[in-house]
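Residue numbers (my numbering): -3 to 381.
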Amino acid sequence: MSRWDRDQYDKFDKKEKIRRARGRSSDKGKTVLADEFTRDESQWAEFLAKGYFAARVMEVHKRYLFVSPEATRGAIETSDVWLASVARKHLQAQQEERNFCCVGDRVLCLPEKITAAGQDADLPSCIVAHRAPRSAQISRLDPLNQDREHVLAANMDQLVIVASYIYPRVKWGLIDRYLVLAEEQHLPVVIILNKRDLLASQSAAFQAQCEEYISLYRKIGYSIYSVQAVDSSPTDLAIISDLFVGKISLLSGHSGVGKSSLINLRQPDIEQAVEQEEILRKGRHTTSFASLLRLSGGGYVIDSPGIRSFLLRKRSPIDLTWCFPEMRRFLNCCQYRECKHLEEPDCAVKQAVEAGEISTLRYKSYVGLLTGAEGREGRVRDLFI
Ligand SMILES: Nc1nc2c(ncn2[C@@H]2O[C@H](COP(=O)(O)OP(=O)(O)OP(=O)(O)O)[C@@H](O)[C@H]2O)c(=O)[nH]1
Ligand SMILES: [Mg+2]
Ligand SMILES: [Zn+2]
């Protein structure tokens, strides 16, 4: 075991509760702005000179995080794991996000002095003093409180959207929502359709529909690969190997689509748990926390728990149209400058849909995201953090 033992988590959790309870009264009444937590990396030098260290968030739990030192960008010491908690003064700040940090965040940490309580700790511990602004982030509306966002991961170099043909069946609307986020963040994106081996048992109509949609996304310009993580062919292995080299990739998608199985093909430093008996699965998540893993042969991946609800905050028609690359050229072509491309007369986007230049499937996703009518996939109830 290279990092930590699961049992240790609970032990630390208890200590953390005691520590918080002791400190609480003295902090009452303080207000700190959430953005005091964010500090540009150009301002980190003075902290580094005082004994702070730069680190990357590897995993976020309810009360604490795990971080690993990262002296220079991309050189994450994944075998050096620290137990971390966000500095208390920040925790009382008003915030627009569910958590202060998410996996992939670059943070500035101060090692904690060994106290009586910490002496038997198996991991060194530290306080997260600041977080760097994010270069990219993937977030949704928090299913527990839709006034705030839940950032799933940050600072990745690419988003890998994972879906399976069946079990569970591919939801193209969910893929479109991920694509909107990637476009907005200028993030390279790859779509993986997994479980190709199960396709042969499906109807010819379903197979033809999948083929049609795959060519549709290719035509728009997206990379989309059809693979199988079980009994993979050499081509599948080559696709997966090439995909992750030299980058930090976030893998996201529904539960059970095979995210962890695909990662395990590349031998991460910790083998990710995979659902053992697929037939028996009842919507339970096998991966419960997003974690950043180092792969043998280079590259890092963020394995994340399957997503059940994926509501996005509403965007203006102009912003949203821009996030559909095939619609971009019709921006400013409608009769009305403020055209939402819904019921307005002389709408260039709707004319393009009628002419078959924009697919009905993608236009429906646009309308759903604009009006919020189809803004959900599956159940809203969502249990993971
Ligand atoms: N037939 C077939 N089964 C697969 C394939 N890839 C993964 N599976 C199975 O699908 C099930 C779910 O795989 P996981 O890798 O745990 O899926 P996940 O996306 O990580 O799921 P969560 O962690 O719950 O989000 C497991 O039983 C895998 O063995 C595939 O290509 N073909
Ligand atoms: Mg998993
Ligand atoms: Zn229009």
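All C-beta atoms, glycine included, are put in the ideal place defined by N, C-alpha and C.
Nearest to K243 by alpha-carbon distance, out of E208, I266 and S292, is S292. Taking the Cα of L212 as reference, the smallest distance to any Cα among D172, A67 and P313 is reached at D172.
Contact check for V186 against L239 passes: the beta carbons are separated by less than 8 angstroms. Short note on K191: C-beta not closer than 7 angstroms to any heavy atom of ligand 2.
Of the residues V103, Y174, Y161 and L289, the one whose Cα lies closest to the Cα of Y48 is V103. Boundaries of the alpha helix (DSSP H) around N260: K255 to N260.
Leaving aside the five residues that flank I210 on each side, the residues in its chain whose CB is nearer than 8 angstroms to its CB run, in chain order, L189, I220 and S222. Secondary structure note for F49: its beta strand (DSSP E) is the uninterrupted segment F49 to V56. With a 10 Å radius around the Cβ and a threshold of 16 neighbouring Cβ atoms, L247 comes out buried.
Counting only beta-carbon distances shorter than 5 angstroms to the non-hydrogen atoms of ligand 3, the qualifying residues in chain order are C330, C335, H337, C343 and V345. Straight across, the Cα-Cα distance linking F202 with V226 is about 21 angstroms. The shortest CA-to-CA distance from W78 to any of E92, P107, N328 and A67 is the one to P107. The C-alpha of N151 lies about 12 angstroms from the C-alpha of R127. The alpha-carbon separation between D265 and L61 amounts to approximately 19 angstroms.
Out of L194, E180, G302 and W168, the CA that lies nearest to the CA of E208 is found in W168.
At a threshold of 7 angstroms, D138 does not count as near ligand 2, since its beta carbon sits no closer than that to any of the ligand's heavy atoms. According to DSSP, L155 shares a beta bridge with V185 and L246. At a Cβ-Cβ threshold of 8 angstroms, L316 and L258 do not count as neighbours. Judged by the Cβ position, K255 qualifies as a neighbour of ligand 2 at the 7 angstroms threshold, a heavy atom of the ligand being closer than this. Three or more pairs of CB atoms, one per stretch, sit closer than 8 angstroms, so the region 315 to 331 contacts the region 352 to 368.
In the DSSP assignment, V103 falls within the unbroken beta strand (DSSP E) covering R102 to P107.
Cα atoms of R94 and R136: separation of roughly 10 angstroms, rounded to the nearest angstrom. In the structure shown, the three-state DSSP call for A83 is coil. Every alpha helix (DSSP H) stretch that sits fully inside the region 321 to 360 and reaches 4 residues is listed by chain position as 321 to 324 and 344 to 350. Distance from the C-beta of D299 to the nearest heavy atom of ligand 2 is below 7 angstroms.
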